[in-house]
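Here it is in structure tokens:
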């Protein structure tokens with residue numbers, strides 16, 4: 003039984019490596035077909051939406067982004083405000099016109115509810131996580147955030163914030179940080195990252 007389990011594990015590992023190798027070959031083969039200008043454009047990340055802080059009105063730049071995709075073959079978009087249904091609809095329409103698949107990103111330290119505030123509840127903020135002693139909670143938190151991102155088609159989350167909250171005159175970091183202790187911030191940040199990756 004033990005030998006069977008070891009063989010099964012090896013088979014799954016080798017299959018996973020082969021799939022990764024196939025994906026890398028595909029990426030390289032597609033990248034080689036692009037012009038130098040398109041290769042540079044693949045490095046560009048363009049913002050998809052914004053919100054007016056006074057009126058709370060969300061504006062999508064989908065027509066502008068669509069033109070950038072058609073004209074330059076940009077490689078990535080970053081989603082911000084907007085409902086999950088609207089986000090998914092816009093992402094799907096942009097993917098349909100892209101010459102190469104778009105990398106979809108977000109800046110969502112406390113989950114997609116940080117950006118999609120109309121119908122998705124945000125998770126607790128980093129300062130609240132930093133108040134607990136067990137960094138495995140940050141790992142589980144990262145897994146939950148990754149599941150949310152995956153569900154809507156987001157491949158990269160520009161999180162966690164690993165700033166140390168040691169300057170009371172900086173109101174931007176505030177509760178986006180795990181706290182004042184640089185070792186705890188590093189530990190929780192790594193666990194959050196591992197949770198998202200897994």
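In the working numbering, the protein residues as written are 3 to 200.
C-beta atoms are modelled at their ideal positions from N, C-alpha and C, and glycine is treated no differently.
Original post:
Measuring CB to CB, does residue 108 end up less than 8 Å from residue 76?
Top reply: Cβ atoms of residue 108 and residue 76: not closer than 8 Å.
Original post:
Considering only C-alpha positions, which residue in the set 47, 102 and 106 is nearest to residue 153?
Top reply: Among 47, 102 and 106, the Cα nearest to that of residue 153 belongs to 106.
Original post:
How do the stretch 113-133 and the stretch 169-183 stand: do at least 3 beta-carbon pairs fall below 8 Å, yes or no?
Top reply: Yes: the two stretches touch, three or more of their Cβ pairs being nearer than 8 Å.
Original post:
Which of the three DSSP states, helix, strand or coil, is assigned to residue 49?
Top reply: Strand at residue 49.
**OP:** Report buried or exposed for residue 29, applying the criterion of at least 16 other Cβ atoms within 10 angstroms of its Cβ.
**Re:** Taking every protein chain shown into account, the CB of residue 29 has fewer than 16 other CB atoms within 10 angstroms, so this residue is exposed.
Original post:
DSSP state of residue 61, grouped into three classes?
Top reply: It is a strand residue.
Original post:
Under the DSSP definition of a beta bridge, which residues are partnered with residue 105?
Top reply: Partner residues in the beta bridge of residue 105, as assigned by DSSP, are 78.
Original post:
Excluding five sequence neighbours on each side, which residues of the same chain lie with their C-beta closer than 7 Å to the C-beta of residue 139?
Top reply: Once the five neighbours on either side are set aside, the close Cβ partners of residue 139 are 131.
Original post:
In chain order, what residues of the same chain have a beta carbon less than 8 Å from the beta carbon of residue 41, not counting five sequence neighbours either side?
Top reply: Same-chain partners within the cutoff: 33.
**OP:** Taking the CB atoms as reference points, tell me whether residue 116 and residue 85 lie closer together than 8 Å.
**Re:** No, the pair does not count as a contact, with Cβ atoms beyond the cut-off.
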